[in-house]
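Residue numbers (my numbering), protein chains in the order written: chain A, 313 to 700; chain B, 313 to 700. First the structure, in the form of structure tokens, and then the observations on it.
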């Protein structure tokens, strides 16, 4: 297998972007990434695009072909593949793009992710998102994602003494980081009190414990590491790209205080990259709900299982902490256009490793990690990126 | 890149399968393929599953994770990836599975495809399928797939003198082949008169010029060629796996008498396999409508452009012809559960190359080709398989 590097990144602003269609978002992210990589469209050998439920959000499947038409690359007839793994669609697109380059069949591969979620009527987005859970045995009986993650939160609180205030502190931190990110959906700083006073969605998760419904797209350009320097002075090596699965249903899961797929992916990723969790300088993790970030930093080995709430309270994951987590604002504040999220995480890590993250730059960041989850943990993808 | 072989195949019957759910179809095809390969579930390193619009047909996205749960493989945490490229979802899953093995990262990869289309109310299936066309500029204005392919048929008839009778002969041939395939949806033999007397769907396409709405699933097990003999006495080599794209929209296409993506994929596939079209002993092509088979055999170089209708009339593609096409019955008679089709084509070619195709066996078949198309030609995948 060949080593693979990221040579370009690009993304749109995330948010309620009424004035841009799905295809305009895809085009904008793609063009930015291509320009960042300094390549011509003709150099592209393959495309991947992550999208969760384009069929239901915008009535359009077959968005691999759409991306080629949008990019004006139809005369090249290059392969373009849509992949879908619920909210991990972007991370899975990254893994498949990585494999495509690593295989030796393709050199320059553009990986994108996109979702246009705000064009459906109120409530319908939550119903569409529930198609990432087990439709027959969960969603059909009324379970939604806030409900499923609330169950995990209750269990974590019960087992480890995690508090509502600690959950809220995840949101407070990520909104602070979001206030430093021009592309974030929410740039407003909030307090623990704001979170606790916000409406209850699914006990114990308040509105401000939940990531939003968003529009947006992100892209990254991959190349074999051996030729990456031809394109950029700052190629970022993909030291590990691991995709894992678990049961679709939460009730089928072996444990509820962890996502075993994420633990598995992290373990293999650390082995592949030959690093320890403490070597990670900056991480983007899948904080679809505040409890998800607490479970994530435990699953990734940044802290012991059960200590995620306490560690958050003590500032371990703050911008000036030992392992800054979700410097972009995370899904919580940057926004969560589900298909785009995994690729947007890669965008943030690359910015940090290049030293281009502006006000939210982590000092001397050399190793970064991205953790992307689908559903209640049915899919998990972990990438480790390194400055070379 | 490593060479890749097919070491096992399996599929369900295709048709209106009211008594089996999506997950039961997935399980059945997967188990059959695994048993055919003689492997244990624990040996599987990765899964791919093609599904076009599971979100709309059955309200379920994230079917990669579902496939793992259905297979009882959750404790392995192996990656499972859903890919979608409209009616080419199965072919694209094959290409991605091929890349996964070729890369060296995964050894045993199971590729599946599935669709459960008959559980939606009348007419809705056609609307869902239209999401494979350009929703904003085609489907929104009322274009459906019968309409889009009817436009191609009219143009082909106008330009090359192709007749309605020649179109009908494709259906007659494929229904005959289907009558020899126990898994086919339609086993009834029909006449040219039957086709011409069947209701007009979109001039010039009658009902019997169209493939049906179907339920079904298919799977194949891939392995590195170098270890394939460990598993089977009859490994089938994948000599070429090429995926290509074109515009999503038909109106954006450079020509209407061909699918340029299919022509491109075929050209690269012949080069990679180092063969000529005349070397192909048996082919499964994407006959979603009768005109599509005529265009396909031209695009694949079996006949000159414009001669597909005449060649069909003369029996070139019949079971006892020079290049038997759609020996399985094709999409037309075997059925067309869209996500499964590309993998079902591989099933048929492998059966033929192993000499296990029963009454529809092509004598001394050593090289087979599968041609899978998404939408009106926005995606095309060509596989060439060989006896070794």
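By construction, the Cβ of each residue, glycine as well, lies at the ideal position given by its N, Cα and C atoms.
- Secondary-structure assignment with DSSP links residue 527 (chain B) through a beta bridge to B:327, B:428.
- As the crow flies, the alpha-carbon of residue 452 (chain B) is around 52 Å from that of residue 591 (chain A).
- For residue 469 (chain B), the enclosing alpha helix (DSSP H) has its first and last residue at 457 to 472.
- In terms of CA proximity to residue 522 (chain B), B:598 leads the group B:697, B:551, B:598.
- Counted as a single uninterrupted DSSP element, the alpha helix (DSSP H) harbouring residue 407 (chain B) occupies residues 401 to 414.
- In this structure, the CA atom of residue 665 (chain B) is about 35 Å from the CA atom of residue 508 (chain B).
- By the neighbour-count criterion, in which 16 or more other beta carbons inside 10 Å mark a residue as buried, residue 377 (chain A) falls on the buried side.
- Close to residue 408 (chain B), with beta-carbon spacing below 7 Å, are these residues of chain A in chain order: 393, 408.
- One alpha carbon belongs to residue 323 (chain A), the other to residue 492 (chain A), and they sit about 16 Å apart.
- Collapsing the DSSP output to three states places residue 496 (chain B) in coil.
- Here residue 401 (chain A) is near residue 650 (chain A), since their CB atoms are less than 8 Å apart.
- For residue 360 (chain A), the enclosing beta strand (DSSP E) starts and ends at 358 to 362.
- Among the residues of chain B, those whose CB is under 9 Å from the CB of residue 412 (chain A) are 408, 411, 415, following chain order.
- The residue among B:353, B:618, B:657, B:672 with its C-alpha nearest the C-alpha of residue 422 (chain B) is B:353.
- Our two residues, residue 578 (chain A) and residue 694 (chain A), have alpha carbons roughly 6 Å apart in a direct line.
- In the DSSP assignment, residue 553 (chain A) is bridged to A:695.
- A residue is called buried once 16 or more other Cβ atoms fall within 10 Å of its Cβ, and residue 583 (chain B), having fewer, is exposed.
- The CB of residue 381 (chain B) comes closer than 9 Å to the CB of 446, 557, 558, 559, 560, 561, 564, 690 in chain A, given here in chain order.
- Residue 470 (chain B) is classed as exposed because its beta carbon has fewer than 16 other beta carbons within 10 Å across all chains shown.
- Put simply, the CB of residue 648 (chain B) is far from chain A, with every gap to its CB atoms at 8 Å or more.
- Exposed is the label assigned to residue 350 (chain B), since fewer than 16 other Cβ atoms lie within 10 Å of its Cβ.
- Scanning its chain for C-beta atoms nearer than 6 Å, with the 5 sequence neighbours on each side dropped, one finds around residue 614 (chain A) the residues 589, 635, in chain order.
- Note that the segment 512 to 519 of chain A does not touch the segment 660 to 680 of chain A; fewer than 3 beta-carbon pairs, one per stretch, sit closer than 8 Å.
- Proximity of chain B to residue 404 (chain A) at the Cβ level (cut-off 9 Å) is accounted for by 376, 391, 393, 394, in chain order.
- Judged by DSSP secondary structure, residue 396 (chain B) falls outside any alpha helix (DSSP H) and instead within the beta strand (DSSP E) spanning 392 to 396.
- When rounded, the separation of the alpha-carbon atoms in residue 425 (chain B) and residue 364 (chain B) is 9 Å.
- For residue 373 (chain A), the neighbours in chain B by C-beta distance under 7 Å run, in chain order, 364, 365, 396, 398, 443, 444.
- Under the three-state reduction of DSSP, residue 618 (chain A) is assigned to coil, being neither helix nor strand.
- Looking at the backbone, the Cα of residue 413 (chain A) and that of residue 534 (chain B) are separated by about 20 Å.
- Residues of the segment 566 to 596 of chain B with a Cβ closer than 8 Å to any Cβ of chain A, in chain order: 566, 572, 573, 576, 577.
- Listed along chain A are 415, 416, 417, each with a C-beta nearer than 8 Å to that of residue 313 (chain B).
- With the criterion set as a beta carbon lying under 8 Å from some beta carbon of chain B, the members of the segment 663 to 695 of chain A are 686, 687, 690, 691, in sequence order.
- Taking 9 Å as the cut-off between beta carbons, the residues of the segment 343 to 359 of chain A near chain B are 358, 359, in sequence order.
- The alpha-carbon of residue 609 (chain B) is positioned some 10 Å away from that of residue 618 (chain B).
- A distance of 8 Å or more separates the beta carbons of residue 690 (chain B) and residue 474 (chain B).
- The C-alpha of residue 595 (chain B) is placed about 28 Å away from the C-alpha of residue 430 (chain B).
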